[in-house]
Structure formats: structure tokens, C-alpha cells
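Below is one structure; the comments refer to it alone.
Numbering (my numbering), first residue to last: 1 to 226.
Set out below in C-alpha cells:
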């Protein structure tokens, strides 16, 4: 994966699948299938390496959208965060429109003894500071919530190997040349479905495991053949 080639939390999963936000589960599933068929790299016969790379990134976005919207609890959490983000954006837009429509040029709030602002632009910037701080705080809360719930995880490239004992205990790091080694192909930041690793990580032989020693710790792994 090249620098910047990641699925971000800013992607709108409904737009990615081409469905409305009130679509039922079956409509969302059909949207996922249609988008996957139209963008799968295997269907791009004669495409350039760059076009194939873009198609792979697009497929990751499509599969991530289905992972979230195809799960009732993940979709519910995603909808709540999405609505809050849209509400903040709408409030900020309305506030900016009110500021630009204010043509009275009133600078009384910034005229104090020894301090007078004569530039309307500077005055507007000074008036904007408290609101910008509020908006920044809201965005920070939203981003933290998105990562905490795992509804829109940002995939981190993973390397190395691990081993899993019969009782499920994880040993990491583990020599990839040793018998029983499992190569790590992805580290999802939340619960995953059985098909997630094959579809999202683009490793057909990979599968998901959970670390029983760590809460909400999952891996996509594939056998090394040793």
C-alpha cells in the first residue's frame, strides 16, 4: 500500500454504495454487489497498473461501506455520528452566512482604551475565534467517537507474524519461518465479520481471529505455509 492509500473516516458509505441513507438492508446489499461488480480489479482487462491500483482502493472503500452498513449495530452508530457531523456542518454554514450578511460594520465590541480595531476583516476574525473553537471541539469529539466505536476504522498496514495456540492465546511477534506461523495482513480496529478479511484485505486465503487477551483486538491473518 502506498502513502495515503487508506480508507478514511470521511468517506460517506451511502454515497460509496449509491444508496439513500434510509435504504433497507436488502437495498444496501444490492448496492454493494453492484458497486463491487463495477469496480472489481479482476474485471479491468487491459487496464494500466495505476487504474488497477485505483480500482483496488475503490474496492476497499466499497467493502468497508458494506461492512458498516451491512451490520445493524455498526450502521446505527455510524448514522448517529454522520447525523452529528452534518448538524455541525450545517450550523457552521448558517453562522458564516450570518457573518457575511452583517454589513453594519459595527466595531464597538473591539474599541477599548488603548485598543481599537479599524479593519472590518480583522474584526470579523476576532469575532469568529470563539465559534471556531466550538466547531473544532465538535469535530474532535466526532473523530474520537468514530475511532472508539469502530464504525469507520482506518486500516493500518500490518507486517510480521503471530502464532495462536489451541486455547486461542496469541504470541506476537513470532518468527514467520517457524511452523504454525500466521502472517498478519491487516489489523481492523473493531469487530469484523467472517468475510471481512478476504474482501477488504484482498487476501483470498486470509481469515479473522480475535486476541482473547486484549479487548477488541482483531487480526486478519493467512498461513505462511510452514
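Cβ coordinates follow ideal geometry from the N, Cα and C atoms, glycine included.
Across which residues does DSSP place residue i in a beta bridge pair?
| i | result |
| --- | --- |
| residue 164 | 170 |
| residue 223 | 182 |
| residue 218 | 210 |
Quick one: Cα of residue i to Cα of residue j, how far?
| i | j | result |
| --- | --- | --- |
| residue 217 | residue 187 | 8 Å |
| residue 42 | residue 183 | 24 Å |
| residue 214 | residue 180 | 21 Å |
| residue 85 | residue 19 | 19 Å |
| residue 223 | residue 191 | 21 Å |
| residue 204 | residue 193 | 15 Å |
| residue 163 | residue 225 | 13 Å |
| residue 157 | residue 100 | Only weak support is given to the placement of residue 157: the predicted model assigns it a pLDDT of 48, under 50, and the question is left unresolved by the model. |
| residue 60 | residue 199 | 8 Å |
| residue 91 | residue 11 | 21 Å |
| residue 58 | residue 133 | 34 Å |
| residue 174 | residue 46 | 40 Å |
| residue 236 | residue 172 | The first residue shown for the chain is 1 and the last is 226, placing residue 236 beyond what the model contains. |
| residue 27 | residue 98 | 40 Å |
Here's a check: name, in chain order, each residue in its chain whose Cβ is nearer than 7 Å to the Cβ of residue i, leaving out the five neighbours to either side.
| i | result |
| --- | --- |
| residue 29 | 70 |
| residue 75 | 68 and 69 |
| residue 72 | none |
Taking 6 Å as the limit between beta carbons, can you name the residues of its chain near residue i, skipping five residues before and five after?
| i | result |
| --- | --- |
| residue 34 | none |
| residue 197 | 206, 207, 208 and 220 |
| residue 136 | none |
What whole-angstrom Cβ distance do residue i and residue j have, given they're in contact under 8 Å?
| i | j | result |
| --- | --- | --- |
| residue 185 | residue 220 | 5 Å |
| residue 13 | residue 65 | 4 Å |
Apart from the five residues on each side of it in sequence, which residues of its chain come closer than 8 Å, Cβ to Cβ, to residue i?
| i | result |
| --- | --- |
| residue 62 | 16, 17, 32, 35, 36 and 39 |
| residue 96 | none |
| residue 23 | 14 and 31 |
| residue 44 | 51, 52 and 55 |
| residue 176 | 160, 161, 183, 224 and 226 |
| residue 21 | 14, 79 and 82 |
With respect to 6 Å, is the separation between the Cβ of residue i and the closest non-hydrogen atom of the ligand GTP below this value?
| i | result |
| --- | --- |
| residue 46 | This structure lacks the ligand GTP; in fact it carries no ligand of any kind. |
Quick check: the region 165–174 against the region 203–222, are at least 3 beta-carbon pairs closer than 8 Å? With a cut-off of 8 Å, the region 165–174 and the region 203–222 count as touching, because enough Cβ pairs lie within range.
Would you say the region 76–88 touches the region 53–63, given that touching needs at least three Cβ pairs under 8 Å? no
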